[in-house]
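What follows is a short report on a single structure.
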Amino acid sequence: MVVFYTGNEGKVKELRLLFSQSGIDIVSANAIGIDTGIPETGLTFVENALIKARHGALQAQQGCIADDSGLLVDKLSGQPGVKSARFSGENATHTENLSHLLNCLVDVETAKRIATFICCLVYLRHADDPCPLIAFGSLSGLIAKKPTGTGGFGYDPVFYLPKHNKTLAELSAAEKNRISHRAMASQELLRQFCCAE
36 MVVFYTGNEG KVKELRLLFS QSGIDIVSAN AIGIDTGIPE TGLTFVENAL IKARHGALQA
96 QQGCIADDSG LLVDKLSGQP GVKSARFSGE NATHTENLSH LLNCLVDVET AKRIATFICC
156 LVYLRHADDP CPLIAFGSLS GLIAKKPTGT GGFGYDPVFY LPKHNKTLAE LSAAEKNRIS
216 HRAMASQELL RQFCCAE
C-alpha cells in the first residue's frame, strides 16, 4: 500500500486506475485521516510535490506519492502554472478558476490558445528519503472558448485536443488514462519503481 497525498478525489480515482495493473494499492491520505492542507510554497511543480510527499510520508509513517500538476498557457506567460488550483483566489473552486482562465483569454483566437498540462509525481520511501523518485508527464492542447464535456475535473472541460477533436472532459476515463499528463508521469514513476527494486 502506498499513500497518495492529495485532497483531490479526482486525482485519487485516476491514480488508482493508472496503478491498477501494477499490484500497488493506492490509498488516499484523506482515507487514513491525514490532513492534506499543507501550504504549497514551492515555486516549481517538483518543489510542491516534494513538500506534499514529505508531509504525507511523515504523517503516514510510510511511503507516499504526491502530485503537483498544473496548466501552462503560452499567452499567459505560463500561468496559471503552480497556482492552477488557486488561479482566481486562494479558496477558488474549479468553476471559478475555469471562468477566470476563459476571461483572461477572451480576445485570443483559438489557434493561439496553446496550453500544456504538466504533472509531477514524487515518491518518498519515508519522510527522510534522500533520493526521491521524480516523474514528469505532459499533454499539449488548446484552450477552448467554452467548457464542453462532463468527465474529468479542473480545466478538463476547456482543454481541447485537436487530434481527438474533443476536450479532455469529453474523453472516456480509459481514453484519458492513455494520453493524459498524469498517465505519462505514472508510467514513468512505475518504470522507476521497477528499476529501484
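Positions 36 to 232 (the working numbering) are the ones given, in order, by the sequence shown.
Yeah, the Cβ is synthetic: ideal placement off N, Cα and C, and Gly gets one too.
Note that the structure is predicted; figures quoted are calculated from it, not measured.
Original post:
What does a CB cutoff of less than 8 Å around residue 202 pick up in its chain, not counting 5 residues either side in sequence?
Top reply: The residue you call residue 202 lines up with position 167 of the sequence shown. So the qualifying residues of the chain are 179, 182, 183, 184, 191, 192, 193, 194, 195 and 196.
Original post:
Can you tell me whether residue 119 is buried or exposed, with buried defined as 16 or more other CB within 10 angstroms of its CB?
Top reply: Position 84 of the sequence shown, counted from the first residue, corresponds to residue 119. Classification for residue 119: buried.
Original post:
In terms of residue numbering, what span does the beta strand (DSSP E) encompassing residue 105 cover?
Top reply: Numbered from its first residue, the sequence shown carries residue 105 at position 70. Here the beta strand (DSSP E) through residue 105 covers 99–108.
**OP:** Provide the residue span of the beta strand (DSSP E) that contains residue 214, from first to last.
**Re:** What you label residue 214 is simply residue 179 of the sequence shown in a count that begins at 1. First-last for residue 214: 208–214, but that is the alpha helix (DSSP H), not the beta strand (DSSP E).
**OP:** Could you spell out the range, first to last residue, of the beta strand (DSSP E) harbouring residue 154?
**Re:** Here residue 154 refers to the residue found at position 119 of the sequence shown. Counting along the chain, the beta strand (DSSP E) containing residue 154 begins and ends at 149–159.
**OP:** Could you tell me if residue 94 is buried or exposed, where buried requires 16 or more neighbouring beta carbons within 10 angstroms of its beta carbon?
**Re:** Counting from one through the sequence shown, the residue named residue 94 turns up at place 59. Per the 10 Å Cβ criterion, buried.
Original post:
Is the beta carbon of residue 105 sitting closer than 8 Å to the one on residue 116?
Top reply: Indexing the sequence shown from 1 puts residue 105 at position 70. Indexing the sequence shown from 1 puts residue 116 at position 81. Cβ distance < 8 Å, so residue 105 and residue 116 count as in contact.
Original post:
Under a three-way DSSP split, which group does residue 74 fall into?
Top reply: For the purposes of this step, residue 74 is taken as the residue at position 39 of the sequence shown. Coil.
Original post:
Going by alpha carbons, who is nearest to residue 170 out of 161, 176 and 157?
Top reply: Locating residue 170 in the sequence shown gives position 135, where the first residue counts as 1. Comparing Cα-Cα distances from residue 170 to each of 161, 176 and 157, the minimum goes to 157.
Original post:
From this set, 99, 86 and 215, which residue's C-alpha is nearest residue 67's C-alpha?
Top reply: As a working mapping, residue 67 is identified with position 32 in the sequence shown. Cα-wise, what sits closest to residue 67 is 99.
Subject >> residue 196: first and last residue of the uninterrupted beta strand (DSSP E) it sits in >> reply: As a working mapping, residue 196 is identified with position 161 in the sequence shown. 194–196 is the span of the beta strand (DSSP E), which, as asked, contains residue 196.
Original post:
What did DSSP end up calling residue 177 once you bin it into helix, strand or coil?
Top reply: The count along the sequence shown starts at 1 and reaches residue 177 at position 142. In the structure shown, residue 177 sits in a strand (DSSP, three-state: E or B).
Original post:
Between the Cα of residue 162 and the Cα atoms of 155, 88, 205 and 186, which residue gives the shortest distance?
Top reply: Translated into positions along the sequence shown, residue 162 becomes position 127. Per the Cα distances, 88.
Subject >> Under the three-state DSSP convention, the category residue 221 falls into >> reply: As a first step, residue 221 must be located in the sequence shown, where it is residue number 186. DSSP places residue 221 in helix when its eight states are reduced to three.
**OP:** Could you pull the start and end residues of the alpha helix (DSSP H) that residue 134 belongs to?
**Re:** What you label residue 134 is simply residue 99 of the sequence shown in a count that begins at 1. Start and end: 129–139.
Subject >> 7 Å Cβ shell around residue 36 - same chain, five flanking residues per side excluded >> reply: For the purposes of this step, residue 36 is taken as the residue at position 1 of the sequence shown. Correct list, in chain order: 60 and 62.
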